[in-house]
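> Sequential numbering from 14 applies to the sequence shown in the working numbering.
A virtual CB, placed ideally from N, CA and C, is assigned to each residue, including glycine.
Nothing here was measured: the structure is a model prediction, and the numbers come from that model.
Sharing a structure below in structure tokens format, with a few things to ask.
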Amino acid sequence: MTGFGVIPDHGLDWLEASGEHSDVVLSTRVRIARNLQGHAFGSRARINDREAVLRCFRKSAERSQMLKGGALLVIPEVPVRTQEILHERRLVTRELLGPEGSVPATSAAIHFSVEDPVSVMVNEEDHFRMQSLLSGLRILEAWQIVDQLDEELGREIPYAYHQEFGFLTSCPTNVGTGLRASVFMHLPGLVLTKEISKALRGLGELGLTFRGLYGEGSEVIGNFFQISNQTTLGRTEEDLVDDLERVVRTVIEKELHARQVLLRDAPALTEDKIWRAFGTLCYSRMLTFEELMNYLSGVRLGVSLNILPDVSVYTLNKLMIFTQPAHLDQAAGRNLSDEERDAHRATLVRSVLANDGDVSGAAEGIEDNGTP
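Below, the structure written as structure tokens:
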């Protein structure tokens, strides 16, 4: 079985708001890129190269302790809606799925571990991309998980490696360690105090960059930013992890200070913005996803400042995922139009905020006409 039944609750642990500074940092991801020696990779990989890579991975995964008993989904065999659900949960990239409306490349696959918060994308931009996605600020822990899997698979798979340059990858910026670490942050304080440009200025000089919800090429909405390293050549994994940790902790300090400045210098305006956002979500009949993200930003700020104490961060995190198109279609049991999705989205949000209850359960309770 390769449909939604394989992953009804899979890949949602990063939403649980359990890690350090989880009111500011939603999640930490560490990803390592590797390629199979002797086979073309990236855009030059042929069908026989990709099939050889998948066969090699299957054999290695069977002998892996971390991947033992996990699920391997070959993407072309997975229903389109399930593919999009995986993408909305940030478990797979658009590169693995291919452009929207197209058929995924032959032998593209994703393997989920049962015991560990780690997965492997096979035949994405690189042959193997191992990744760990954790809740809150946990850069070192996420890196240690993928590093352990990298060493385990490296004993089975001959990686493409150059004595001078390190691990060879499709993108030149990944050559060396092949490591990309990113932290998904909510920074409304810095945006509202107009300090965000100053806080993020100079990231490029430190080998870092910032992006939107789905990484490279995605827009920043709702004051949510991903900060990640940009280059890996000439650096050790430890250096990259330490540098990102240091910068992120500095940004967190600035964000927390900015939130206190808002309470001190503009308490009425701040509370009004928060309550307007909460009220809009509680009573709207139509909501686009961009509108939802912007209002959720205000509500999250209110929860962090104890202005809205009865809403949990975990609930708000889950709303970000279950209100996206494929999740709404899955709950409705059919493909919805954009207008229908906006109605279903608003209904789901109203239902959840009225009870601060189970988001997935509320989604299942919405009838096809968008009403609970």
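Does DSSP put Gln243 in a helix, a strand or coil?
coil
> In the stretch 118–170, which residue ranges form an unbroken beta strand (DSSP E) of at least 3 residues, counting only runs that do not cross its ends?
If one requires a minimum length of 3 residues, the beta strand (DSSP E) runs lying completely within the stretch 118–170 are 122–125, 131–135, 141–148, in chain order.
> According to DSSP, is Phe178 part of a helix, a strand, or is it coil?
coil
> Check whether the Cβ atoms of Leu309 and Leu329 lie closer than 8 Å to each other.
yes
> Could you name the residues of the same chain whose beta carbon sits closer than 7 Å to that of Gly191, not counting the 5 residues immediately before and after it, in chain order?
Ile45, Ala46, Arg47, Phe180, Thr182, Thr245
> Phe291 to Glu128, Cα distance in whole Å?
37 Å
> I'd like the span of the beta strand (DSSP E) that includes Met198, first residue to last.
192–199
> Do the CB positions of Arg193 and Asn136 come within less than 8 Å of each other?
no
> By DSSP, does Ala84 sit in helix, in strand, or in coil?
strand
> Thinking C-alpha only, which one of Val261, Asn348, Leu305 is nearest Leu213?
Val261
> Less than 8 Å between the C-beta atoms of Leu85 and His124, yes or no?
yes
> Among the residues of its own chain, which have a CB less than 7 Å from the CB of Phe238, if the five just before and after it don't count?
Result list for Phe238: Met198, Leu200, Phe223, in chain order.
> Could you check where the alpha helix (DSSP H) with Phe302 kicks off and where it finishes?
302–317
> Taking C-beta to C-beta, are Met299 and Ala356 nearer than 8 Å?
yes
> Just confirm the distance between the C-beta atoms of Arg103 and Leu146, as a whole number of angstroms; I'd bet it's less than 8 Å.
Between Arg103 and Leu146 a beta carbon distance of about 7 Å is seen, short of the 8 Å cut, so the two are scored as contacting.
> Within the same chain, show all residues whose beta-carbon is closer than 6 Å to that of Glu266, passing over the 5 residues directly before and after it, in chain order.
none
> Where does Ala74 sit, in a helix, a strand or coil, going by DSSP?
helix
> Who are the Cβ neighbours of Gln50 in its own chain at under 7 Å, not counting the five residues just before and after it?
Pro171, Tyr172, Ala173
> Take Gly247 and list the residues in its own chain whose beta-carbon comes closer than 7 Å to its own, dropping the five residues that flank it on each side.
Contacts found: Gly189.
> Mapping DSSP to helix, strand and coil, what is Arg42?
strand
> For Thr263, name the three-state secondary structure that DSSP assigns.
helix
> Does Met333 have its Cβ less than 8 Å from a Cβ in chain D?
You won't find chain D in this structure, because it holds only one protein chain.
> Asn61 to Thr95, Cα distance in whole Å?
A straight line joining the alpha-carbon of Asn61 with that of Thr95 spans about 26 Å.
> Could you check which residue in His23, Arg63, Asn187 has the C-alpha nearest to that of Thr249?
The residue with the shortest Cα to Cα distance from Thr249 is Asn187.
> Inspect the beta-carbon positions of Val196 and Thr41 and report whether they are closer than 8 Å.
yes
> Mind checking who Gly189 pairs with in its DSSP beta bridge?
Phe180
> Let me check one thing: in DSSP terms, what residues is Tyr172 bridge-paired to?
Beta-bridge partners of Tyr172 (DSSP): Leu49.
> Name, in chain order, the residues that DSSP records as bridge partners for Phe238.
Met198
> Flag this pair as yes or no: are the beta carbons of Met134 and Leu109 separated by less than 8 Å?
Yes, they are a contact pair.
> Could you tell me whether the Cβ atoms of Leu11 and Ile234 are closer together than 8 Å?
Residue 11 cannot be examined here, being either before or after the span of the chain that is shown, 14 to 385.
> Considering only the alpha carbon of each residue, which of Asn348, Asp342, Phe335 lies closest to Ser364?
Phe335
> Use the C-beta contact count for Val131: other C-beta atoms within 10 angstroms, 16 or more gives buried, fewer gives exposed.
buried
> Between Glu113, Pro280, Glu75, which has its C-alpha nearest Ser126's C-alpha?
Selected option, being the one with the closest Cα: Glu75.
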